[in-house]
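A.B. asks: One structure, as structure tokens, below. Some questions next.
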Ligand SMILES: [Ca+2]
Ligand SMILES: [Ca+2]
Ligand SMILES: [Ca+2]
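In our numbering, the protein residues as written are 7 to 336.
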């Protein structure tokens with residue numbers, strides 16, 4: 007739950023003494039990843055949701071209701087599902103994640119900065135876990151050195167430099183990155199074959215129900231947030247490393263009329279068409295190798311007789327608008 011706070015503390019507290027992790031998005035040295043970063047190759051396609059409590063200390067208030075699991079799917083768009091105290095969302099992607107260079111996926115929440123200090127923000131946290139079988143999950147070792155209770159409405163903000171490996175560390179529009187390299191060698195987990203990512207709401211500390219970080223410290227997450235939108239607000243989970251998926255595979259044309267997957271493609275390519283129109287595929291030397299009138303549907307093109315290389319896709323809708331894109335056959 008986000009409550010916009012107008013109280014501004016004029017007294018600067020000494021925050022630099024414990025500074026040790028990457029700072030807030032927009033501050034030099036941050037590892038926050040913009041939702042428009044070209045490294046993202048895909049977004050969550052399924053979500054299993056176990057709602058948490060409006061207030062875990064008073065379960066008579068029931069569970070949170072804001073949003074639904076669809077809000078966690080697809081690109082980061084500002085649509086949210088509120089997990090509630092101790093709520094859990096488990097997502098999957100079009101393929102399994104592998105441990106490539108740097109971060110392998112990122113989680114998006116809707117925190118907002120302190121208007122008086124870009125280092126600080128109102129942040130709600132969640133643990134992040136991964137699994138290679140959908141049954142056994144391994145949690146990223148989280149650290150939270152925020153030692154002030156985060157009571158919503160009290161004007162308290164958190165400094166991201168005190169937080170590591172907790173989703174929600176960064177403000178809306180910026181993902182918190184997670185690197186599978188950190189979990190390499192964990193029994194029961196293959197970091198090059200991660201099928202599920204799980205987001206587990208952190209419970210604030212005020213009532214004694216608080217969650218602990220990897221160092222056994224209580225995590226000062228905003229509490230209580232006794233609203234239908236309580237707890238961690240999940241917006242999206244972006245994938246960076248999926249075998250066979252490269253950056254640019256989702257390109258500009260997708261926003262308009264057609265999306266292409268996978269790209270590069272081997273035996274088949276799927277063209278998801280949102281409108282009626284004509285699809286044409288042209289090879290690298292300008293020959294039309296495929297043409298089809300399509301209605302709103304997914305068109306699967308058999309590439310087995312295509313040569314390896316780049317192909318150009320043109321889509322003309324009934325209004326005569328033309329979209330062009332390209333894909334590779336390997
Ligand atoms: Ca990695
Ligand atoms: Ca929480
Ligand atoms: Ca969303």
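For each residue, glycine too, the CB sits at the ideal point set by N, CA and C.
Kindly indicate which residue of 273, 290, 263 has the alpha-carbon position closest to the one of residue 283.
C.D. replies: It is 263.
A.B. asks: Taking Cβ positions, are residue 49 and residue 75 nearer each other than 7 Å?
C.D. replies: Cβ atoms of residue 49 and residue 75: not closer than 7 Å.
A.B. asks: Using alpha carbons as the reference points, say which of 112, 312, 29, 68 lies closest to residue 3.
C.D. replies: Because the chain here runs from 7 to 336, residue 3 falls outside it and cannot be looked at.
A.B. asks: Rounded to whole angstroms, what's the CA-CA distance from residue 198 to residue 103? Just pull it up for me.
C.D. replies: When rounded, the distance between both Cα atoms is 6 Å.
A.B. asks: Is the segment 302-315 in contact with the segment 272-280, if contact means three or more CB pairs nearer than 8 Å?
C.D. replies: The segment 302-315, when compared against the segment 272-280, does touch it at the 8 Å Cβ threshold.
A.B. asks: Following the continuous beta strand (DSSP E) through residue 124, name the residue where it begins and the one where it ends.
C.D. replies: Segment 123-128, the beta strand (DSSP E) holding residue 124.
A.B. asks: Given this structure, state the Cα-to-Cα distance separating residue 319 from residue 193, to the nearest angstrom.
C.D. replies: Each residue's alpha carbon lies about 45 Å from the other.
A.B. asks: In three-state terms, what does DSSP make of residue 290?
C.D. replies: DSSP places residue 290 in coil when its eight states are reduced to three.
A.B. asks: Do you know whose CA, among 265, 106, 218, 238, lies nearest residue 147's CA?
C.D. replies: It is 218.
A.B. asks: Determine the direct distance from the alpha carbon of residue 294 to that of residue 256, and round the result to whole angstroms.
C.D. replies: Unreliable positioning characterises residue 256 in this predicted model, as indicated by a pLDDT of 41, which lies under 50. A coordinate reading is not provided.
A.B. asks: Quick check: is any heavy atom of ligand 2 less than 6 Å from the C-beta of residue 130?
C.D. replies: Yes - ligand 2 has a heavy atom lying nearer than 6 Å to the Cβ of residue 130.
A.B. asks: Tell me whether residue 33, by its Cβ, gets closer than 6 Å to a heavy atom of ligand 2.
C.D. replies: Because no heavy atom of ligand 2 lies under 6 Å away, the Cβ of residue 33 does not count as near it: no.
A.B. asks: Would you call residue 141 buried or exposed, if buried means 16 or more other Cβ atoms sit within 10 Å of its Cβ?
C.D. replies: Answer is exposed; the Cβ neighbour count stays below 16.
A.B. asks: Counting pairs of Cβ atoms below 8 Å between the segment 225-235 and the segment 154-162, do you hit three or more?
C.D. replies: Segments in contact, yes.
A.B. asks: Hey, how far is the Cα of residue 305 from the Cα of residue 336?
C.D. replies: Straight-line Cα distance between these residues: approximately 19 Å.
A.B. asks: Are the CB atoms of residue 317 and residue 291 within a distance shorter than 7 Å?
C.D. replies: Not a contact, by the Cβ cut-off of 7 Å.
A.B. asks: Residues bridged to residue 162 by DSSP?
C.D. replies: Looking at the DSSP assignment, residue 162 forms no beta bridge with any residue, so it has no partner.
A.B. asks: Given this structure, state the Cα-to-Cα distance separating residue 125 from residue 46, to the nearest angstrom.
C.D. replies: Those two C-alpha atoms are separated by around 25 Å.
A.B. asks: Taking C-beta to C-beta, are residue 97 and residue 150 nearer than 7 Å?
C.D. replies: In this structure, residue 150 does not lie closer than 7 Å to residue 97 by Cβ.
A.B. asks: Under a three-way DSSP split, which group does residue 341 fall into?
C.D. replies: The question about residue 341 has no answer here: the residues shown for the chain are numbered 7 through 336.
A.B. asks: Quickly, what does DSSP pair residue 245 with across the bridge? List them, please.
C.D. replies: BP columns for residue 245 point to 48, 111.
A.B. asks: Under the three-state reduction of DSSP, which class applies to residue 82: helix, strand or coil?
C.D. replies: Residue state, collapsed to three classes: coil.
A.B. asks: Hey, is the segment 183-192 in contact with the segment 114-129, meaning 3+ C-beta pairs nearer than 8 Å?
C.D. replies: No: the two stretches stay apart, fewer than three of their Cβ pairs being nearer than 8 Å.
A.B. asks: Can you pull the DSSP bridge partners for residue 317?
C.D. replies: Beta-bridge pairing links residue 317 to 333.
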